[in-house]
Amino acid sequence: MKPAPFTYHAPVDADEAVGLLAELGDEAKAIAGGQSLVPMLALRLASFGHLVDLRRLDELRGIERRGDDTVWIGAGTTQATVQRSDEARAAVPLLARATPFIGHFQIRSRGTVGGSLAHADSAAEYPAVALTLDAELEALSPRGRRTIPAARFLTGMWSTELADDELLTGVNFPVWKGRCGFAIEEFARRSGDFAIAGATVALRMDGDGHLDRCAIGLFGLGPTAVRARDTEAALLGSDPLEADAEEIGRSATEGLGSVPSDLHGSAPYRTRVGAAMVARAWRRAVQEALHG
């Protein structure tokens, strides 16, 4: 099939792009790498009268250390760039480790950080990573700039806090320091497929070997990625070597609402897979924190 007819726009900077989005209203859609949007247009699962192409916006690309505690990644930065970046690998290990799970290298060569976050697929890796690390997302509109915490950014399946005239311009990822461990695990039918269920874990141990920071993210198990905040709170102050990984997995996935049930697996099956992914990620993160 072919997309429905649309008018193509190629702004030269972010201000022009948000001006177009404001002028054209809900008939306009921003397109970056197009790895999610183009198939939806081709299948006519979505239709827009205007596409605003962001490829010429150099200001949306780059990876920069900003101060001692933050790494900024432009929304237009490709996933392949993240995968190759020594800066990203050192400062935001969880993001770098999540990247190879995204599709195939051809997709990562065009797909962007901002595109993945703004598309907000519940089974995608980057939204779960941003949520797990408490990232902050930058948005630009004709009204100015604002910062949106990752915990507030995802509002539902394929929906975010962004207004129709807002453009995601970058993401600020906190740099964790100390005895930290990070891991991502997911299960998919084939390499490159969206995950049936997945988990992200980030943790930090204090000088006595107890947890003073802990985050557990889940994806593919609801309309958005979520944090297992009750489980995180229960683990703070504990010795991770004494924790039962399987029990942590069960606790993290207990009481989830709206777990999807489809041809890839029933809701109970996805929940069991999610618990197993949490347990695997937990073990790997603990070992990294212990041994570096």
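Everything in the sequence shown is counted per this note's numbering, starting at 132 for the first residue and increasing by one. Virtual Cβ for every residue (Gly too), placed ideally from N, Cα, C. Just so we're clear, the structure is a prediction, and the values are computed from it rather than from any experiment.
Going by DSSP, D361 is part of the alpha helix (DSSP H) stretching over 360-366. Every alpha helix (DSSP H) stretch that sits fully inside the region 149-187 and reaches 4 residues is listed by chain position as 168-173. Non-local C-beta neighbours of A406 in its own chain, meaning closer than 6 Å and more than five positions away in sequence, comprise G380, R381, T384, ordered along the chain.
Per DSSP, reduced to three states, the secondary structure at S272 is strand.
In the three-state DSSP reduction, D265 falls in the coil class, being neither helix nor strand. Here the alpha carbon of E363 sits roughly 45 Å from the alpha carbon of A141. A distance below 6 Å between beta-carbons, with the five flanking residues on each side excluded, links G323 to the following residues of its chain, in chain order: G234, H235.
Look at P305 here: in three-state DSSP terms it is strand. For L421, the enclosing alpha helix (DSSP H) begins and ends at 398-422.
Going by C-alpha positions, A255 is about 31 Å away from D370. Judged by DSSP in its simplified three-state form, T208 adopts coil rather than helix or strand. In this model, L264 and A410 are separated by some 19 Å (Cα to Cα). With three or more CB-CB distances shorter than 8 Å, the region 180-193 counts as touching the region 205-224.
Secondary structure of F232 (DSSP, three-state): helix. Per DSSP, reduced to three states, the secondary structure at T243 is strand. Rounded to whole angstroms, the Cβ separation of G301 and T243 is 11 Å, and the two are not in contact under 8 Å.
In this structure, V332 keeps its C-beta atom at 7 Å or more from the C-beta atom of D200.
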